[in-house]
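Residue numbers (my numbering): 27 to 489. See structure below.
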Amino acid sequence: MKIYNTMTRSKEELVPLVPGEVRMYSCGVTVYDLSHVGHARMLIVFDMIARYLRFAGYRVTFVRNFTDIDDKIIRRANQEGVPAREISERYIAAFREDVLALGALPPEAEPKATDHVPEMIGHIERLIAARHAYVVDGDVYFEVRSFPPYGKLSGKNLEELLVGARVEVDERKRDPRDFALWKSAKPGEPSWPSPWGPGRPGWHIECSAMAMRYLGESFDIHGGGEDLIFPHHECEIAQTEALTRKPFARLWVHNGFINMGKEKMSKSLGNTLAIREVVKRHGAEALRLWILGTHYRHLLEWSDERVEEAGRALSRLTRLLDDAAALGAAPGTLPDAFAGFAGRFTAAMNDDFNTPQALGVLFDFSRALSEHRDRGLTTPAARAGFTAGVAELVRLAGAIGLLQRGIEAGAPPAEVERLVAERTAARGRRDWKRSDELRAAIQQLGWAVEDTANGPRLTRAGG
RNA sequence: GGCGCCGUAGCCAAGUGGUAAGGCAGCGGACUGCAAAUCCGUUAUUCGGCGGUUCGAAUCCGCCCGGCGCCUCCA
Numbered sequence: 027m028k029i030y031n032t033m034t035r036s037k038e039e040l041v042p043l044v045p046g047e048v049r050m051y052s053c054g055v056t057v058y059d060l061s062h063v064g065h066a067r068m069l070i071v072f073d074m075i076a077r078y079l080r081f082a083g084y085r086v087t088f089v090r091n092f093t094d095i096d097d098k099i100i101r102r103a104n105q106e107g108v109p110a111r112e113i114s115e116r117y118i119a120a121f122r123e124d125v126l127a128l129g130a131l132p133p134e135a136e137p138k139a140t141d142h143v144p145e146m147i148g149h150i151e152r153l154i155a156a157r158h159a160y161v162v163d164g165d166v167y168f169e170v171r172s173f174p175p176y177g178k179l180s181g182k183n184l185e186e187l188l189v190g191a192r193v194e195v196d197e198r199k200r201d202p203r204d205f206a207l208w209k210s211a212k213p214g215e216p217s218w219p220s221p222w223g224p225g226r227p228g229w230h231i232e233c234s235a236m237a238m239r240y241l242g243e244s245f246d247i248h249g250g251g252e253d254l255i256f257p258h259h260e261c262e263i264a265q266t267e268a269l270t271r272k273p274f275a276r277l278w279v280h281n282g283f284i285n286m287g288k289e290k291m292s293k294s295l296g297n298t299l300a301i302r303e304v305v306k307r308h309g310a311e312a313l314r315l316w317i318l319g320t321h322y323r324h325l326l327e328w329s330d331e332r333v334e335e336a337g338r339a340l341s342r343l344t345r346l347l348d349d350a351a352a353l354g355a356a357p358g359t360l361p362d363a364f365a366g367f368a369g370r371f372t373a374a375m376n377d378d379f380n381t382p383q384a385l386g387v388l389f390d391f392s393r394a395l396s397e398h399r400d401r402g403l404t405t406p407a408a409r410a411g412f413t414a415g416v417a418e419l420v421r422l423a424g425a426i427g428l429l430q431r432g433i434e435a436g437a438p439p440a441e442v443e444r445l446v447a448e449r450t451a452a453r454g455r456r457d458w459k460r461s462d463e464l465r466a467a468i469q470q471l472g473w474a475v476e477d478t479a480n481g482p483r484l485t486r487a488g489g
């Protein structure tokens with residue numbers, strides 16, 4: 027399996043440090059507001075990666091953190107006149123609701139920064155002892171010059187960074203590029219005791235400390251949105267590798283952004299769209315299909331119309347599930363005609379998670395299944411073959427988190443079946459008025475009935 | 001200024017040296033009391049433009065045009 031590594035800017039073979047096991051860490055969100063559709067892309071992309079790695083036979087340990095202490099959280103807390111913790115807890119709960127609504131699997135661990143302050147302090151102490159960090163008035167900075175490889179992930183060199191620095195230079199720092207590991211508390215700010223006085227951790231140190239705590243000093247995949255490449259991941263590498271002297275992560279994986287029109291989606295531009303709003307409008311699977319319809323590293327432009335289209339495409343697939351469910355046949359052996367799709371699907375996925383191509387295979391598969399169905403499911407063998415094919419489609423789609431509802435077991439409720447039978451009888455009498463009344467009654471019970479050459483077909487309305 | 005990405009049918013989007021996947025929309029047909037869906041067929045002699053390399057280029061190289069991201073808030 028090949029995965030694009032931001033560090034080397036090329037696709038590399040995934041060779042787990044522990045054979046058969048993949049340990050991955052993805053930077054989560056800062057919890058000071060509702061998560062938006064850009065976060066949804068990150069969530070769906072890394073959920074897809076974790077799911078596919080498991081599908082491919084790896085044991086996966088996935089860790090995603092919460093940044094629950096930072097300037098924005100404090101500012102928000104001050105605005106509302108509540109403790110910072112109340113803000114972070116509120117939006118952690120909201121985030122978890124969104125993850126659930128998106129159909130993303132929860133990671134093995136979701137550590138919060140504030141639960142790991144002692145580890146961070148210990149890490150900072152070791153950096154100071156190793157002369158990679160220094161203390162100034164209760165603040166601690168990482169000395170970038172002490173770690174020559176700084177810039178290796180983002181492809182920057184130290185001189186350029188000096189020229190391009192656009193932040194106000196803090197005169198207390200030895201070098202403008204040095205970054206904070208520990209920030210001394212200002213009056214009224216939440217703080218933790220430390221050897222340097224009360225304060226709180228800098229942004230970057232939390233991920234180093236938590237990744238090491240849950241995954242060890244070296245692990246396989248570290249990811250996040252592409253905006254984290256610099257400075258966040260660059261700084262994580264510096265502060266971690268300066269101590270461990272070994273590669274922090276083997277592969278660096280970054281997902282592309284979702285733009286609003288031609289602009290990036292961001293709080294400061296006021297053009298964000300909340301995950302819950304999108305799920306309400308289009309459904310989680312349509313959103314996932316739309317997102318996976320573009321390669322994860324490419325830019326995506328938000329469009330309600332495109333997501334709506336994805337919903338229509340999705341119904342081509344879910345319809346097959348309904349048909350299989352209505353048959354109620356036990357799956358038989360997979361017919362030869364359906365045997366080749368898994369290989370094409372995995373070949374696409376094994377090439378840096380090429381979900382657009384993999385989806386193309388799924389749609390080819392769905393056409394083959396439709397053709398099989400429309401040739402007539404008149405024999406038990408034909409029915410068992412069809413059900414086996416649909417089950418295979420569900421298995422493959424599930425590898426990227428689609429068609430999670432599976433083939434729903436059991437027939438529609440007896441009442442619905444009775445009404446359908448009555449309607450079929452009415453149609454036999456050419457009693458169209460009664461037929462339409464019955465269709466309306468069936469609709470009331472949540473089912474849609476369609477007339478096909480092979481008889482009535484039931485679909486869960488809105489399903 | 002530095003680093004990097006992108007430009008493929010009406011729209012979205014794979015393909016990165018061997019002769020253009022897939023989705024949406026459209027068109028023709030089958031089916032049909034109506035409706036909807038489904039199925040079949042069909043829609044790029046061509047991949048922003050101009051040169052070059054090659055037996056062969058959407059894919060490699062050069063230049064140009066257009067869009068975008070990052071350069072210490074950011075998924």
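Positions of the beta carbon are idealized from the N, C-alpha and C atoms, including for glycine.
Selected residue, minimal CA-CA separation from residue i, among the options
i    : options                : result
V71  : V279, I433, G366       : V279
E134 : F88, D163, I154        : F88
T359 : G337, S180, T413       : T413
S180 : P221, E252, M236       : E252
F168 : F389, S294, W208, V387 : W208
A423 : R444, A206, A374       : A374
G148 : V166, L131, P132, P137 : V166
A336 : H398, D348, V305, A356 : V305
D348 : S294, N281, R370, L429 : L429
N281 : K28, I75, V41          : I75
W458 : A417, D477, Y51, E441  : D477
F505 : V420, V333, R152, K293 : It is not possible to answer for residue 505, since the shown part of the chain is limited to 27 through 489.
W222 : R338, P216, S210       : S210
Exposed unless 16 or more other CB atoms sit within 10 angstroms - verdict on residue i
i    : result
Q469 : exposed
L403 : buried
R342 : exposed
V108 : exposed
H569 : Here the chain comprises residues numbered 27 to 489, so residue 569 is not present and cannot be evaluated.
S392 : buried
G190 : At G190, the pLDDT of 48 sits below 50, so the modelled position is not reliable; the number obtained from the coordinates is stated separately. Classification of G190: exposed, given that the 10 Å Cβ count is below 16.
G242 : exposed
L484 : buried
R85  : exposed
A479 : exposed
R456 : exposed
G249 : buried
F389 : exposed
S36  : exposed
E303 : exposed
R192 : Residue placement at R192 is flagged as unreliable, the pLDDT there being 49, under the threshold of 50; the coordinate-derived value follows with that caveat. Exposed, since its Cβ has fewer than 16 Cβ neighbours within 10 Å.
N183 : exposed
Residue i and residue j closer than 8 Å at C-beta
i    : j    : result
R198 : V170 : no
V475 : R460 : no
L326 : I284 : yes
Y176 : A264 : yes
V125 : L43  : no
N31  : G54  : no
E95  : A119 : Looking at the sequence itself, residue 95 is Ile, so the reference to Glu does not match. Taking 8 Å as the Cβ cut-off, I95 and A119 do not qualify as a contacting pair.
ask   = Taking only runs of the alpha helix (DSSP H) that begin and end inside the segment 281 to 354, which ones reach a length of at least 4 residues, in chain order?
value = Here the runs fully enclosed are 301 to 308, 310 to 318, 330 to 353.
message = List, from N- to C-terminal side, the alpha helix (DSSP H) runs of 4 residues or more that fit wholly inside the segment 409 to 465.
response = 440 to 454
ask   = What residue ranges within the segment 37 to 99 form continuous alpha helix (DSSP H) runs of no fewer than 4 residues, ordered along the chain?
value = 63 to 81
ask   = Touch check for the segment 143 to 163 and the segment 228 to 243: three-plus C-beta pairs under 8 Å?
value = yes
task = Taking 8 Å as the threshold, find out whether the segment 259 to 274 comes into contact with the segment 145 to 163 through three or more Cβ pairs.
result = yes
inquiry  = Under 8 Å: do the segment 376 to 387 and the segment 321 to 337 share three or more Cβ pairs, one atom per stretch?
reply    = yes
query = Between the segment 49 to 58 and the segment 95 to 114, are three or more C-beta pairs nearer than 8 Å?
reply = yes
request  = Only counting runs of 3 or more residues, tell me where the beta strand (DSSP E) segments fall wholly within the segment 151 to 222, in order along the chain.
outcome  = 159 to 162, 165 to 168, 205 to 210
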